[in-house]
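Asker:
Chains as they are written, first to last, in our numbering: chain Z, 26 to 315; chain G, 26 to 315.
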């Protein structure tokens with residue numbers, strides 16, 4: 026099976042699991058808002074990377090850890106809901122559908138995001154199959170990669186542009202906003218898969234590099250992608266005066282940097298037991314048109 | 026020492042510890058915003074209850090668990106920052122100081138709240154003194170009490186008023202918005218203090234009841250409190266058409282209900298080794314003028 030098809034199948038598997046783990050309760054509108062954003066589609070890259078990283082170090086009991094993979098998508102979804110808010114990126118559409126605050130109002134969108142974050146940690150800490158010491162490590166990696174030293178810090182930098190030049194700025198933003206979360210997913214997979222410390226560290230470097238390549242490719246697709254295939258308007262970043270790789274380095278240099286990150290990522294994980302799927306994912310990240 | 030003085034001393038101890046654990050990093054403005062709200066004062070009731078609950082079951086190594094107590098205040102602070110946002114309660118002042126979004130802007134206030142939540146879980150999962158199985162339980166209790174089945178759910182209910190009548194509505198709101206978080210703090214203290222299951226459950230009931238009494242007293246003070254002592258305007262809830270106990274039940278009945286909750290709370294914890302401080306805290310909650 027080609028990697029594109031394989032990833033599609035994996036995303037469908039994750040979609041089914043997300044539906045299983047969607048929380049139910051009252052107030053109805055809060056739970057509806059969370060479910061709305063959780064089922065809005067997407068590549069499900071983060072949960073897939075958790076599971077594939079675990080498999081790459083030889084782990085097979087995927088059903089024991091899939092709730093943790095799902096939790097990573099809860100965090101990703103919270104970040105999208107908050108990113109779309111009027112005070113942030115002010116987006117009314119995501120993947121062709123009205124954003125959470127357009128449908129449910131700003132207050133409920135803020136709370137749906139807050140609640141998805143806490144529920145991710147509730148879900149992970151409810152897992153009874155993984156030993157507690159590993160769960161604590163997983164929670165630490167996830168909180169770190171998605172918090173003030175990771176995703177939240179990167180999002181703040183994207184708003185503030187505190188750095189002295191665009192090269193430092195874009196590197197800080199992409200590393201923190203995107204790559205550190207993806208890095209933590211690969212490390213989490215390594216921990217859950219009972220990988221050796223050396224393997225977990227290799228997965229961390231792999232995750233950081235593919236995270237950067239992923240964000241560069243996102244920037245490139247925003248610049249030159251096919252609007253129909255992407256299901257969204259292109260050149261949005263430029264309209265919003267967002268710092269992107271093509272804007273800072275030009276298209277050709279951006280493509281080259283993404284390729285270098287991918288090859289570097291591939292290099293890191295050759296020590297793993299079964300690195301093939303991760304290697305294909307890395308290469309696919311810069312080939313994708315969506 | 027009188028309980029009022031004792032609580033003041035404990036709040037000062039917690040304030041010192043908060044300063045120790047305030048995260049540092051870049052982007053500067055994000056970290057400044059978090060520090061600003063973390064050091065804006067307050068009773069520090071939640072961390073104090075974690076520590077006092079641990080002591081009540083016979084625990085003495087407070088320094089080993091104080092980071093977890095501090096983390097609860099990080100969560101409380103995130104909830105205040107988000108509650109104050111224009112899309113939520115739209116408050117420009119808190120404890121006489123401009124709210125986070127007034128000083129740092131809405132985007133950074135949203136991210137400071139998000140980041141305080143994730144950093145709370147990062148802090149707890151970084152503790153090396155408490156055994157991992159207990160840390161997982163603590164994280165689960167905290168995420169549950171402050172998430173969609175607790176504080177976040179209550180805040181959503183406070184905005185939505187989905188219930189059929191005001192009696193059900195106010196009970197749901199106060200139980201979820203305030204009492205469940207306070208309940209989880211008391212349970213967390215019981216877990217960290219190596220309490221027996223029976224003791225942890227007693228602390229949970231105690232926490233739920235004092236949480237309700239605390240919120241009723243807050244409502245009463247908003248209605249008849251001394252603006253100078255409180256450091257804020259009273260009758261704000263009424264202006265904002267918030268559902269409060271005095272609005273639903275009248276002042277006298279509200280006072281009586283708060284007293285009953287407190288006596289019920291006291292009854293629960295008589296089985297503990299050293300319940301005296303917790304008993305005094307319960308009684309003080311409805312005597313307080315601030």
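By construction, the Cβ of each residue, glycine as well, lies at the ideal position given by its N, Cα and C atoms.
I want to verify the contact list: residues of chain Z whose CB lies under 7 angstroms from the CB of residue 140/G, in sequence order.
Answerer: Chain Z residues near residue 140/G: 172, 173, 177.
Asker: Let me see if you follow: with CB-CB separation under 7 angstroms, is residue 135/G close to chain Z or not?
Answerer: Interface residue, yes.
Asker: Can you tell me where the alpha helix (DSSP H) holding residue 308/G begins and where it ends?
Answerer: First-last of the alpha helix (DSSP H) with residue 308/G: 301–312.
Asker: Which same chain residues end up closer than 6 angstroms to residue 78/G when comparing Cβ atoms and leaving out the 5 residues on each side of it in sequence?
Answerer: Correct list, in chain order: 211, 214, 215, 228.
Asker: Report the neighbours of residue 182/Z on chain G: residues whose CB is nearer than 9 angstroms to its CB, in chain order.
Answerer: Here the neighbours are 51, 52, 55.
Asker: Check whether chain G comes within 7 angstroms of residue 78/Z, counting only Cβ atoms and requiring the distance to be less than that.
Answerer: With 7 angstroms as the cut-off, residue 78/Z does not count as an interface residue toward chain G.
Asker: So which residues on chain G does residue 158/Z lean against when the C-beta distance must stay under 7 angstroms?
Answerer: Correct list: 157.
Asker: Assign residue 118/Z to one of three DSSP states: helix, strand, or coil.
Answerer: Strand at residue 118/Z.
Asker: Express the C-alpha separation of residue 266/Z and residue 258/Z in angstroms, rounding to a whole number.
Answerer: Computed Cα separation, rounded: 15 angstroms.
Asker: For residue 75/G versus residue 97/G, is the C-beta distance shorter than 7 angstroms?
Answerer: Yes.
Asker: Short check: CB of residue 221/G to CB of residue 286/G, under 7 angstroms?
Answerer: No. Outside cutoff.
Asker: Does any residue of chain G have a CB that is nearer than 7 angstroms to the CB of residue 199/Z?
Answerer: No, its Cβ sits nowhere closer than 7 angstroms to a Cβ of chain G.
Asker: Looking at the unbroken alpha helix (DSSP H) that takes in residue 65/Z, where does it start and where does it end?
Answerer: It is not in any alpha helix (DSSP H) - residue 65/Z carries neither H nor E in the DSSP assignment.
Asker: Taking the alpha-carbon of residue 53/Z as reference, which of 181/G, 198/G, 281/G has the nearest alpha-carbon?
Answerer: Here the closest residue by C-alpha is 181/G.
Asker: Take residue 308/Z as the anchor and find which of 296/Z, 280/Z, 298/Z, 225/Z has the nearest alpha-carbon.
Answerer: Comparing Cα-Cα distances from residue 308/Z to each of 296/Z, 280/Z, 298/Z, 225/Z, the minimum goes to 280/Z.
Asker: Bridge partners of residue 271/Z, per DSSP?
Answerer: The partner list for residue 271/Z (beta bridge, DSSP) is empty, contrary to what the question assumes.
Asker: Within a Cβ cutoff of 6 angstroms, which residues of the same chain sit near residue 204/G, ignoring the five residues on either side of it in sequence?
Answerer: The answer, listed in chain order, is 233, 236, 237.
Asker: By the criterion of Cβ-Cβ separation under 7 angstroms, what are the contact partners of residue 123/Z in chain G?
Answerer: Those within 7 angstroms of residue 123/Z in chain G number zero; the least Cβ separation is about 17 angstroms.
Asker: If the criterion is Cβ atoms closer than 7 angstroms, does the pair residue 158/G and residue 157/Z meet it?
Answerer: Contact: yes.
Asker: Can you confirm whether residue 161/Z, when its beta carbon is compared against all beta carbons of chain G, has any partner nearer than 7 angstroms?
Answerer: Answer yes: the Cβ-Cβ gap between residue 161/Z and chain G drops below 7 angstroms somewhere.
Asker: Hey, out of 101/Z, 120/Z, 188/Z, whose CA is closest to residue 254/Z's CA?
Answerer: Nearest C-alpha to residue 254/Z: 120/Z.
Asker: Which residue or residues does DSSP assign as beta-bridge partners of residue 123/Z?
Answerer: In the DSSP output, where bridge partners are listed per residue, residue 123/Z has 118/Z.
Asker: Taking C-alpha atoms, which residue in 225/Z, 223/Z, 282/Z lies nearest to residue 240/Z?
Answerer: Comparing Cα positions, the closest option is 282/Z.
Asker: Would DSSP call residue 163/G helix, strand or coil?
Answerer: Residue 163/G falls in the helix class under three-state DSSP.
Asker: Secondary structure at residue 29/G, three-state DSSP: helix, strand or coil?
Answerer: Residue 29/G falls in the helix class under three-state DSSP.
Asker: Quick check on residue 106/Z - is its C-beta less than 7 angstroms from some C-beta in chain G?
Answerer: By this cut-off, residue 106/Z is not an interface position.
Asker: Does any CB atom of chain G fall closer than 7 angstroms to the CB of residue 164/Z?
Answerer: Output row for residue 164/Z: interface = yes.
Asker: Would you call the CB atoms of residue 6/G and residue 39/G closer than 7 angstroms?
Answerer: Since the first and last residues shown for chain G are 26 and 315, residue 6/G lies out of range.
Asker: What residues in its chain sit with their C-beta under 6 angstroms from that of residue 166/Z, if we drop five residues either side in the sequence?
Answerer: Result list for residue 166/Z: 209, 212, 213, in chain order.
Asker: With respect to the alpha helix (DSSP H) encompassing residue 244/G, which residues constitute its N-terminal and C-terminal limits?
Answerer: Residue 244/G -> alpha helix (DSSP H) spans 222–249.
Asker: Closest by CA to residue 103/Z, which one among 263/Z, 136/Z, 128/Z?
Answerer: It is 136/Z.
Asker: If we ignore side chains and look at the alpha-carbon of each, how far apart do residue 289/G and residue 303/G end up?
Answerer: Between residue 289/G and residue 303/G, the C-alpha separation is close to 13 angstroms.
Asker: Under the rule that 16 or more other beta-carbon atoms within 10 Å means buried, what is residue 115/G, buried or exposed?
Answerer: With fewer than 16 other Cβ atoms within 10 Å, it is exposed.
Asker: Taking residue 81/Z and residue 298/Z to be in contact with their CB atoms under 8 angstroms, please state how far apart those CB atoms are, rounded to whole angstroms.
Answerer: Yes, they are in contact, since the Cβ atoms of residue 81/Z and residue 298/Z sit about 7 angstroms apart, within 8 angstroms.
Asker: When the distance is taken between beta carbons, is residue 169/Z closer than 7 angstroms to residue 45/G?
Answerer: Cβ atoms of residue 45/G and residue 169/Z: not closer than 7 angstroms.
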